[in-house]
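Chains as they are written, first to last, in this note's numbering: chain A, 1 to 363; chain B, 1 to 506.
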Amino acid sequence: MPIETPAAQCGPFAHDTVGIPRTMGLVMLALVPATLFGLWQFGWPAIWLFLATLAGALLAEILSLWLAGKPIRPDLSDGTALLTGWLLAMTLPPWAPWWIGVVGALLAIVVAKQVFGGVGQNLFNPAMVARVALLIAFPLEMTRFVAPTPLFSAEAPGLVESLAITFGGQGFDAFSGATVLGQVRTELGQGETLATILPDLYTPLSGAVGTVAGSLGETSALLLLLGGLFLLYKRVITWHIPVALLGTIAALAALMHLIDPEHYADPLYHLVSGATLLGAFFIATDPVTSPVSARGQLLFGAGCGLLIYVIRTWAGYPEGVAFAVLLMNACAPLIDHYVKPRIYGRDRRGQPLEYANDVETSR
Amino acid sequence: MKLFKIRGGVHPDDRKRLASEQPIETLPLPDLLHIPLQQHIGAPASPAVRRGQRVAKGELLAHGQGVISAPVHAPTSGRIMGVGQYPAHHASGLSVPTITLKPDGEDRWADHIQGVADPFALAPEEIAARVAAAGIVGLGGATFPSAVKLDLRKRYAIHTLVINGAECEPYLTCDDRLMRERAESVIDGIRLMARALGVSRIVIGIEDNKPEAQAAMAVAASVDSSIRLARLPTRYPMGSEKHLVQTLTGRETPARGLTADIGVVVHNPATAFAVHEALRLGHPLVARVVTVSGGAIARPANVRVPLGTRVQDLIAHCGGFKDEPARLISGGPMMGQPLPSTRVPMVKGSNGVLALTAAEINGGTPRPCIRCAGCVQACPCGLVPLEMVAHIRAGDLEGAVKRGLMDCIGCGSCAYVCPGHIPLVQFLNHAKGEMAARGRAKQKQTETKRLAEQRTARMEAIKRAKREQMEQRKREMAARKKAEAEAAAQAATTTTTDPVAAETEA
């Protein structure tokens, strides 16, 4: 029985069980523990903000695709927009008003992603573009943090009260609290030393577990680490960027701490505070905006780590993950241009390998 | 033995269980054979038979032409039905010069077919010559004439013969079965090739997913202490010649070079078996073992097939299709070619016929590249496929070449892992084909220019020669006239002065 098959397509006629939706799904799965912790810890307002941001991201994606005349279903079902919204929500102050999340989602999806051409085309990490834009445009809303008030605890706002906080613009000064990084920075600026500042604010344990004021999903270093290790295990990311990023921060912090322990915090403080772990495992590893070669990724990760430490320590903001990642995003094409894997049979300069004439005849 | 790491590679599900426990069976003679004249890399063979002629099994059907070519022999006895055009065993399905043979059912060997009692007594050149005369080509799929590779010792300092028993393509088990069932013959062929190459070191590399073949070959290899067996980790593309040599020796073959540049020649176990049969029995290459497998095949099998058998006869022998195949493939799923129809004949290089279901292929609609770098990690050649393909998409083929397009071995590891199902190999092959076409066009152009210039120079030379000739003739004429005049004048004077002298002069 002769059969005719179209012969135009090349192999391989086998394919690994991978796909973009699966990759995005795994990343979201890895985010679940830290997210749940954040939502629990900061209560209903955080949940509303989270949902508003995700909805904003999805709507922005649908709107952009519709305007561009592109098919909506395939892009939407990839999960990239949902993940962008999710990551953005993780970095927002948990009690920020709903429009912060929605405006951020619009900035991330429309300005940072779709304007560049959609999935895979953006130069900068959309979530970080949105976060930085929000921080500059709405500094007040973006720096009002709250101390943890876990769901169902006595001091936590109820359902109605939290609706008023997120959607009604009701103030919450009674709950306000600065992040550890912010507080330390302020007090260091007032001439205090770490020995007097830190004991009241922070213990390595509170930083690691995350029972401190901070962004919605950034506080629990341990749960983020868990998610990161899951991504490594699932081979969604490689170790190069996280290790280079964390290693650089730790090394710089160790060096400065050694020189002046009164003004420069120890490495552990830097690793568990702020967005370090979220950045190392979930933000800087964004494939679209990071280099593709292993050595390029090491360089990229180290650059992020260096900038994070420099911004936190000497620049105008208490936290620098978003700025650091964006600056290194801009360098990624350059890194990819200059740092490539060595081609088989060629030296680093691209010339064919040459062997001495006395080729060994036996081994 | 110590093995070295290679970069990249993938671990596809090998699906060898489908056929690996099926002993090699012999295909009953089909009612018609279509034997293409080009079943090898190099110049096509030129026909040596006419329509209607009766041939015996093993008789020469077509001569090899030139240095890189191979003859073709009759796979069985019968009558030549024609020397014409028939669809090729190739994705294009284009017709190529083919000899059609109607078997007479006797399967009678030609009288001159005779083996050598002690082939190890032959000179290396003689072994290579017999391999060439038997029409043996690389049976791993590359189909490069084997004798040319056995003669490499003339130009390179060869020290090691590597036998590529990796068989890293999923599904394929023909080499596995051959090594299990005919280990002594394969080892004999290997030793003959080593003799032809003049090497004292032989390494047989077999992947760890073939423990039975490893064991059988280890037993058979114990006759010769220069043979070593390497148990290779199972990883695609371990069977890539250059990567196999690197795994075994730790040395990379220089770009654009041959493994012979680092003193190694690589042959396939099936080729070794063919060499054994050619030397010991005098049999030319007229049949080969083929794996017929895939989810759509009713009865996966390893079949020894006369060359020229139509794919449909082979599939019918294996019970036909139990499912509608989404693809019919020649070779393995990673680097194999889709077959245009089941009418095409089996050739020397066909090591597998796979009928794959859509679920096995696991295809998908291409999505935009998310730069996940999966292809960069998977590439065994250290290339950046996503970047090359971006350049090819934009029409910048030179940019792709600058980024190593010509160093790509086309193994398909990149496309295999791509989460966006981007047909990377298709882009890369397109660019390679286009660059080759441009190269040919450029060569044609320079060649035309050279010929035109030569012609002008030639015409000039002819003109100049004519002119010179004319001038010379003129000069000669003038000289003669002058001489005649002088002679006449002299004659006039001598006749008056000395008639005797004038007479003697005349």
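Ideal Cβ positions, reconstructed from N, Cα and C, are used throughout, including at glycine.
Rounded to the nearest angstrom, what separates GLN443/B and LYS449/B at their Cα positions? Counting only the Cα atoms, LYS449/B lies some 10 Å from GLN443/B.
Cβ-based contacts, 7 Å cut-off: residues of the region 250-261 of chain B near chain A: From the region 250-261 of chain B, only GLU252, THR253, PRO254, ALA255, ARG256 and GLY257 have a Cβ closer than 7 Å to chain A.
With 8 Å as the limit, tell me which residues of the region 360-382 of chain B have their beta carbon closer than that to any beta carbon of chain A; keep them in chain order. When CB distances to chain A are screened at a threshold of 8 Å, the residues of the region 360-382 of chain B falling below it are GLU360, ILE361, ASN362, GLY363, GLY364, THR365, ARG367, PRO368, CYS369, ILE370, ARG371, CYS372, ALA373, GLY374, VAL376, GLN377, CYS379, PRO380, CYS381 and GLY382, in chain order.
Within 8 Å (strictly less), CB to CB, does ARG327/B reach chain A? Interface residue, yes.
Can you give me the C-alpha to C-alpha distance between SER46/B and ALA62/B, rounded to a whole angstrom? Roughly 5 Å between the two C-alpha positions.
Name, please, each residue of chain A whose Cβ falls closer than 8 Å to the Cβ of HIS421/B. What HIS421/B touches in chain A: HIS15 and GLY19.
Would DSSP call VAL243/A helix, strand or coil? DSSP places VAL243/A in helix when its eight states are reduced to three.
Can you list the residues of chain A that ALA415/B reaches, using a CB-CB cut of under 7 Å? Correct list: PRO12.
VAL203/B and VAL162/B closer than 8 Å at C-beta: Their beta carbons are under 8 Å apart, which means VAL203/B touches VAL162/B by this criterion.
Go ahead and pull the three-state DSSP assignment for GLN312/B. When DSSP states are grouped into helix, strand and coil, GLN312/B belongs to the helix group.
Which term fits GLY588/B, buried or exposed, when burial requires 16 or more other beta carbons within 10 angstroms of its beta carbon? This structure cannot speak to residue 588/B, because chain B is shown only from 1 to 506.
Would GLY404/B pass as a contact of ILE109/A if the rule is Cβ separation under 8 Å? Cβ distance not < 8 Å, so GLY404/B and ILE109/A don't count as in contact.
8 Å Cβ cutoff, THR361/A in contact with chain B: Residue placement at THR361/A cannot be trusted, given a pLDDT of 42 that sits under 50; what the coordinates show is reported in the next sentence. At least one CB atom of chain B sits nearer than 8 Å to the CB of THR361/A.
If you measure between the beta carbons of VAL236/A and PRO368/B, is that distance less than 8 Å? Not closer than 8 Å, so no.
If you measure between the beta carbons of HIS243/B and ILE6/B, is that distance less than 8 Å? Yes, the pair counts as a contact, with Cβ atoms nearer than the cut-off.
GLN114/A: buried (16+ other C-beta within 10 angstroms of its C-beta) or exposed? By the 10 Å Cβ count, GLN114/A comes out buried.
Grab me the residues of ALA194/B's own chain with a C-beta within less than 8 Å of its C-beta, minus the 5 sequence neighbours each way, in chain order. Hits under 8 Å: LEU161, SER200, ILE202 and SER226.
Along the region 291-303 of chain A, what residues have a CB closer than 7 Å to any CB found in chain B? Cβ contacts with chain B come from VAL292 and SER293.
Cross-strand partners of PHE321/B (DSSP beta bridge): In the DSSP output, where bridge partners are listed per residue, PHE321/B has ILE297/B.
Cβ atoms of ALA60/A and LEU106/A: under 8 Å apart, would you say? It is a contact, given that the beta carbons lie within the stated cut-off.
Give me, in chain order, the residues of the same chain whose beta-carbon lies closer than 6 Å to that of ASP104/B; leave out the 5 immediate sequence neighbours on both sides. The beta carbon of ASP104/B is closer than 6 Å to those of SER77 and GLY78 in its chain, skipping five residues each way along the sequence.
Is LEU314/B near LEU27/B, with beta carbons less than 8 Å apart? Cβ distance < 8 Å, so LEU314/B and LEU27/B count as in contact.
Are the region 8-21 of chain A and the region 75-90 of chain A touching by the rule of at least three beta carbon pairs closer than 8 Å? With the cut-off at 8 Å, the region 8-21 of chain A and the region 75-90 of chain A touch.
Kindly indicate which three-state DSSP category ALA492/B falls into: helix, strand or coil? ALA492/B falls in the helix class under three-state DSSP.
Check the C-beta distance from VAL102/A over to VAL376/B and give it rounded, since I have them as a contact under 8 Å. Not a contact, Cβ separation roughly 37 Å.
Less than 8 Å between C-beta atoms, sequence neighbours within five positions excluded: which residues of the same chain meet that for ARG343/B? Excluding positions up to five away in sequence, the list reads PRO87, ARG310, VAL311 and GLN312.
What residues from chain A crowd round ASN268/B, counting only those whose CB sits closer than 7 Å? Those within 7 Å of ASN268/B in chain A number zero; the least Cβ separation is about 20 Å.
In three-state terms, what does DSSP make of GLN121/A? Secondary structure at GLN121/A: coil, using DSSP grouped into helix, strand and coil.
Give me whichever residues DSSP pairs with SER293/A in a beta bridge. None, per the DSSP bridge assignment.
Would you say ASP407/B reaches chain A, if we count a Cβ-Cβ gap shorter than 8 Å as a contact? For ASP407/B, the answer is yes, since a Cβ of chain A falls inside 8 Å of its Cβ.
Applying the criterion that 16 or more other CB atoms from any shown protein chain within 10 Å of the CB defines a buried residue, is GLU460/B buried or exposed? Counting Cβ neighbours within 10 Å, GLU460/B comes out exposed, since fewer than 16 surround it.
Members of the region 327-349 of chain A that neighbour chain B once the beta carbon cut-off is set at 8 Å: Closer than 8 Å at the C-beta level to chain B, one finds these residues of the region 327-349 of chain A: ASP336, LYS340, PRO341, ARG342, ILE343, TYR344, GLY345 and ARG346.
On the criterion of 16 or more Cβ atoms from any shown chain inside 10 Å, does THR203/A qualify as buried, or is it exposed? Exposed, because fewer than 16 other Cβ atoms sit within 10 Å of the Cβ of THR203/A.
If you run the structure through DSSP and keep just helix, strand and coil, what is GLN85/B? Looking at GLN85/B - three-state DSSP - the assignment turns out to be strand.
With DSSP collapsed to three states, give me the class of LEU27/B. The three-state reading of DSSP puts LEU27/B in coil, since its state is none of H, G, I, E or B.
Going by C-alpha to C-alpha distance, which of LYS322/B, ALA301/B, VAL275/B and SER222/B sits closest to LEU512/B? This structure gives no information on residue 512/B, because the portion of chain B shown stretches from 1 to 506.
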